[in-house]
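Protein chains in written order, with the numbering used here: chain A, 32 to 356; chain D, 32 to 356. Some notes on the structure that comes next.
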């Protein structure tokens with residue numbers, strides 16, 4: 032497997048997945064522009080299939096496989112969005128998907144995987160929450176037992192190239208952006224989109240946005256080496272993972288800065304997007320919005336694209352206090 | 032003032048407001064199509080300016096006025112969406128808007144009006160909730176004191192023609208629909224869109240959808256005369272009003288049926304749209320979705336457009352039980 036990710040690989044991914052994914056809309060809001068004193072373009076990956084940008088990487092990975100590789104299915108480990116996205120992509124190709132999930136996964140995430148026909152394999156864990164080693168061990172066992180092909184949620188060049196296709200759509204529609212802001216967890220999205228921007232729009236400053244409470248990308252970026260995350264406790268459940276050994280060097284090379292935001296700012300940015308844009312975003316998507324509202328990035332007077340990465344929220348548990356009937 | 036509403040009036044409205052409103056997207060969801068066994072096209076007026084289709088009618092009314100008529104501003108009475116929409120349209124033309132609102136209006140509705148620079152006039156009321164006579168009396172007093180021009184939220188041909196422009200966009204994109212479903216409160220939207228469909232797409236069955244708990248349009252339609260609503264208690268706060276003497280005859284003439292849905296079905300349809308389409312809709316928008324899910328309309332195997340009328344929800348008060356942090 033080729034471990035570099037090039038613009039060409041992203042173009043190939045676009046061709047491969049074009050009929051499988053949605054070209055998501057870019058939305059604007061006058062009131063949010065006024066609040067930020069900037070022109071903000073929201074790339075709505077929350078309106079992507081399976082409600083998340085990860086559909087791009089999952090389709091690209093699944094459709095990159097030869098028939099011989101694909102026949103025994105694919106396997107990944109995820110408690111969240113990757114689980115549903117890979118199950119959907121596999122079901123589209125008519126192959127099985129095995130998803131290693133923790134027993135504590137949200138009911139909404141579990142039922143999304145089942146809706147797409149995915150096979151859930153529970154991760155055995157010593158603690159309340161499985162470690163990444165325990166996830167990997169379960170996925171490896173499934174791989175041996177079934178012959179399924181592993182697809183990593185972010186540390187995989189096919190996944191990264193797939194996520195990068197989102198940036199091709201942004202550059203097509205908004206060719207002269209001052210800033211591109213994306214959330215960063217494992218770094219698959221940020222690695223993919225920064226590869227595209229550095230190649231096609233080098234003047235755009237690409238900024239990774241992360242919760243203070245899960246700031247491994249911030250620390251890794253500034254230290255120049257991977258500093259793994261310990262005990263992330265952020266509301267942005269999609270961003271609790273650490274950078275991988277494949278995503279980190281790409282991000283180091285292509286990204287202009289990584290900034291962090293508070294939990295409070297994430298929740299109020301999320302609520303504000305629901306209120307003003309009328310779209311449902313998950314907390315991870317609110318992280319770059321919070322970075323603008325907290326003035327962590329000097330966007331005044333500039334044009335800014337923000338990737339709203341996903342919209343998969345447990346509507347029975349909101350991060351703000353809401354009165355029920 | 033001409034009291035009929037023709038297709039020509041809707042075309043004129045479209046020309047008048049084209050640069051002022053958004054052409055809203057039509058969205059689809061595979062999982063909702065599967066649930067309904069139909070091809071459903073959601074016209075997202077929740078993504079309209081001010082978060083509601085009423086921007087169309089408000090802009091059309093405000094920009095229909097001559098300079099001499101407009102100079103002293105406009106006045107309306109509303110506790111909800113019309114208030115913000117008219118304030119926005121008036122501010123866009125640079126004229127004052129006076130909005131007669133009840134003292135019990137939601138804080139989110141009040142602040143939306145203030146954000147657009149509207150002048151709030153509190154409705155004096157004997158009871159806890161003002162009667163429509165008390166609303167009208169306040170609006171009439173403001174009209175006398177200020178010389179402002181009255182714009183009725185639904186019982187006004189300019190308002191109705193403006194709302195009809197939504198249907199022109201639907202017919203452009205989906206010319207051979209079997210069904211068009213829209214919520215009905217005062218009937219401005221349903222009167223406008225049914226006028227367009229009967230003229231341009233007569234084979235499409237146009238269905239008004241209403242809460243059982245505010246079923247005046249259902250009873251009026253089937254009785255052949257206006258049966259006013261008493262004490263509506265539905266969660267669909269945008270649909271508590273009764274048909275007007277202008278909207279009722281248009282609806283009688285153009286609409287194929289009016290159906291009703293339960294409160295429970297409205298809340299679960301609303302939640303389902305948030306979850307699957309990832310857009311925020313208010314309870315009123317969920318009413319036609321509920322009509323499909325409750326099989327009140329025989330849509331199986333058919334193509335169906337549903338107007339998602341608005342997205343203005345008080346995010347601190349949800350109609351389902353959600354746990355807070």
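Cβ coordinates follow ideal geometry from the N, Cα and C atoms, glycine included. All values derive from a computational prediction rather than experimental measurement.
Next item on the list: Could you pull out every residue in the same chain whose Cβ sits closer than 7 Å to the Cβ of residue 139/D, ignoring the five residues on either side in sequence?
Entry: In the second chain, residue 139/D corresponds to position 108, counting from 1. Contacts found: 345.
Notebook entry, point to check: Taking one C-beta from the segment 298-306 of chain A and one from the segment 329-336 of chain A each time, how about it: are there three or more such pairs within less than 8 Å?
Noted result: no
Margin query: Considering only DSSP beta bridges, list what residue 180/A is partnered with.
Written below: Locating residue 180/A in the first chain gives position 149, where the first residue counts as 1. 105/A, per the DSSP bridge assignment.
Check: For the alpha helix (DSSP H) that contains residue 279/A, what are its first and last residues?
Finding: Position 248 of the first chain holds residue 279/A. Run containing residue 279/A: 278-285, per the alpha helix (DSSP H) assignment.
Next item on the list: Answer with buried or exposed for residue 206/D, where buried requires no fewer than 16 other C-beta atoms within 10 angstroms of its C-beta.
Entry: Locating residue 206/D in the second chain gives position 175, counting from the first residue. Exposed, because fewer than 16 other Cβ atoms sit within 10 Å of the Cβ of residue 206/D.
Check: Between which two residues does the alpha helix (DSSP H) containing residue 314/A stretch?
Finding: Taking the first chain and counting its residues from 1, the one referred to as residue 314/A is at position 283. Segment 314-324, the alpha helix (DSSP H) holding residue 314/A.
Item checked: Whether residue 166/A touches residue 122/A by CB criterion (8 Å) -> Taking the first chain and counting its residues from 1, one reaches residue 166/A at position 135. Taking the first chain and counting its residues from 1, one reaches residue 122/A at position 91. Not a contact, by the Cβ cut-off of 8 Å.
Notebook entry, point to check: Taking the continuous beta strand (DSSP E) assigned at residue 153/A, which residues delimit it?
Noted result: Stepping through the first chain from its first residue, residue 153/A is reached at position 122. Run containing residue 153/A: 150-153, per the beta strand (DSSP E) assignment.
Checklist line | CB-CB length for residue 225/A against residue 266/A, believed under 8 Å | finding: Counted from its first residue, the first chain places residue 225/A at position 194. Counted from its first residue, the first chain places residue 266/A at position 235. Rounded, the Cβ-Cβ distance is 25 Å, inconsistent with contact.
Item checked: CB contact below 8 Å: residue 342/A versus chain D -> Taking the first chain and counting its residues from 1, one reaches residue 342/A at position 311. It does; some Cβ of chain D falls within 8 Å.
Notebook entry, point to check: Do residue 275/D and residue 217/D have their C-beta atoms closer together than 8 Å?
Noted result: Stepping through the second chain from its first residue, residue 275/D is reached at position 244. Stepping through the second chain from its first residue, residue 217/D is reached at position 186. In this structure, residue 217/D lies closer than 8 Å to residue 275/D by Cβ.
Check: Where do the N-terminal and C-terminal ends of the beta strand (DSSP E) with residue 334/D fall, by residue?
Finding: Translated into positions along the second chain, residue 334/D becomes position 303. That run of the beta strand (DSSP E) goes 334-339.
Check: With a cut-off of 8 Å, does the C-beta of residue 184/A fall near any C-beta of chain D?
Finding: What you label residue 184/A is simply residue 153 of the first chain in a count that begins at 1. Chain D, which has no Cβ nearer than 8 Å to the Cβ of residue 184/A, makes this no.
Next item on the list: Please decide whether residue 181/D counts as near chain A, where near means a Cβ-Cβ distance under 8 Å.
Entry: Residue numbering aside, residue 181/D sits at position 150 when the second chain is read from its first letter. Cβ-Cβ to chain A under 8 Å: no for residue 181/D.
Margin query: Below 7 Å on C-beta distance, what does residue 349/D contact in chain A?
Written below: Within the second chain, residue 349/D is the residue found at index 318, counting from 1. Chain A residues near residue 349/D: 353, 355.
Notebook entry, point to check: Based on Cα-Cα distance, which residue from 56/A, 36/A, 50/A lies nearest to residue 200/A?
Noted result: Within the first chain, the letter at position 169 stands for residue 200/A. The residue with the shortest Cα to Cα distance from residue 200/A is 56/A.
Notebook entry, point to check: Are the C-beta of residue 220/D and some C-beta of chain A separated by less than 8 Å?
Noted result: Here residue 220/D is taken as the residue at index 189 of the second chain, counted from 1. No, residue 220/D lies away from the interface with chain A (no Cβ there is under 8 Å from its Cβ).
Checklist line | Contacting residues, own chain, Cβ-Cβ under 8 Å from residue 309/D (five flanking each side not counted) | finding: Residue numbering aside, residue 309/D sits at position 278 when the second chain is read from its first letter. Within the same chain, residue 309/D has no close Cβ partners at all.
Next item on the list: Examine chain D for any beta-carbon lying closer than 8 Å to the beta-carbon of residue 173/A, and answer yes or no.
Entry: Sequence index remark: in the first chain, residue 173/A carries index 142 (1-based). So, not an interface residue.
Item checked: Amino acids of chain D, ordered along the chain, whose beta-carbon sits closer than 9 Å to that of residue 311/A -> Locating residue 311/A in the first chain gives position 280, counting from the first residue. Those are 305, 306, 308, 309, 310, 311, listed as they occur along chain D.
Check: From what residue to what residue does the beta strand (DSSP E) around residue 363/A run?
Finding: Any question about residue 363/A goes unanswered here, given that chain A covers just 32 to 356.
Note to self: Against chain D, which members of the segment 141-161 of chain A pass a CB distance test of less than 9 Å?
What the structure shows: 146
Next item on the list: Indicate whether residue 319/A and residue 188/A have their beta-carbon atoms separated by less than 8 Å.
Entry: As a working note, residue 319/A is residue 288 in the first chain. As a working note, residue 188/A is residue 157 in the first chain. Result no, Cβ atoms of residue 319/A and residue 188/A do not sit closer than 8 Å.
Note to self: Suppose you measure from the CA of residue 162/A to the CA of residue 170/A; what does that come to, to the nearest Å?
What the structure shows: If you number the first chain from 1, residue 162/A lands on position 131. If you number the first chain from 1, residue 170/A lands on position 139. Taking the straight line joining both Cα atoms gives about 13 Å.
Notebook entry, point to check: Since residue 192/D and residue 41/D are thought to touch, with beta carbons under 8 Å apart, how far apart are those beta carbons, to the nearest angstrom?
Noted result: Within the second chain, numbered from 1, the residue matching residue 192/D stands at position 161. Within the second chain, numbered from 1, the residue matching residue 41/D stands at position 10. Correct: roughly 5 Å between the Cβ atoms.
Notebook entry, point to check: How many angstroms separate the CA atom of residue 90/A from the CA atom of residue 80/A?
Noted result: Start at 1 with the first residue of the first chain, and residue 90/A comes out as number 59. Start at 1 with the first residue of the first chain, and residue 80/A comes out as number 49. Using only the alpha carbons, I get a separation of about 10 Å.
Margin query: With H, G and I counted as helix, E and B as strand and the rest as coil, what does DSSP make of residue 249/D?
Written below: Within the second chain, residue 249/D is the residue found at index 218, counting from 1. Reduced to three states, the DSSP call for residue 249/D is helix.
Check: Does DSSP classify residue 111/A as helix, strand or coil?
Finding: What you label residue 111/A is simply residue 80 of the first chain in a count that begins at 1. Coil, per DSSP.
Notebook entry, point to check: If you run the structure through DSSP and keep just helix, strand and coil, what is residue 54/D?
Noted result: Position 23 of the second chain, counted from the first residue, corresponds to residue 54/D. Of the three classes helix, strand and coil, the one that applies to residue 54/D here is coil, per DSSP.
Note to self: Taking a contact to mean a Cβ-Cβ separation below 8 Å, would you say residue 221/A touches residue 202/A in this structure?
What the structure shows: Start at 1 with the first residue of the first chain, and residue 221/A comes out as number 190. Start at 1 with the first residue of the first chain, and residue 202/A comes out as number 171. No, these two residues do not count as a Cβ contact at 8 Å.
Margin query: At a CB distance below 7 Å, what residues from the segment 76-100 of chain A approach chain D? Give them in sequence order.
Written below: 77, 78, 82
Checklist line | Interface positions of the segment 56-67 of chain A facing chain D (Cβ-Cβ less than 9 Å), listed along the chain | finding: 56, 58, 61, 62
Next item on the list: Count the other C-beta atoms from every protein chain shown that fall within 10 angstroms of the C-beta of residue 35/A, then say buried if there are 16 or more, exposed otherwise.
Entry: As a first step, residue 35/A must be located in the first chain, where it is residue number 4. Label assigned to residue 35/A: exposed.
Checklist line | Where residue 302/A meets chain D, residues with beta-carbon distance less than 7 Å | finding: Looking up residue 302/A in the first chain gives position 271. Per Cβ cutoff of 7 Å: 346.
Margin query: Within 10 Å of its beta-carbon, does residue 259/D have 16 or more other beta-carbons around it, so buried, or fewer, so exposed?
Written below: The residue you call residue 259/D lines up with position 228 of the second chain. By the neighbour-count rule (16 or more Cβ atoms within 10 Å), residue 259/D is not buried but exposed.
Note to self: On the CB-based measure, 16 or more other CB atoms within 10 Å of its CB, does residue 113/A come out buried or exposed?
What the structure shows: Here residue 113/A refers to the residue found at position 82 of the first chain. Its Cβ being crowded by 16 or more others within 10 Å, residue 113/A is buried.
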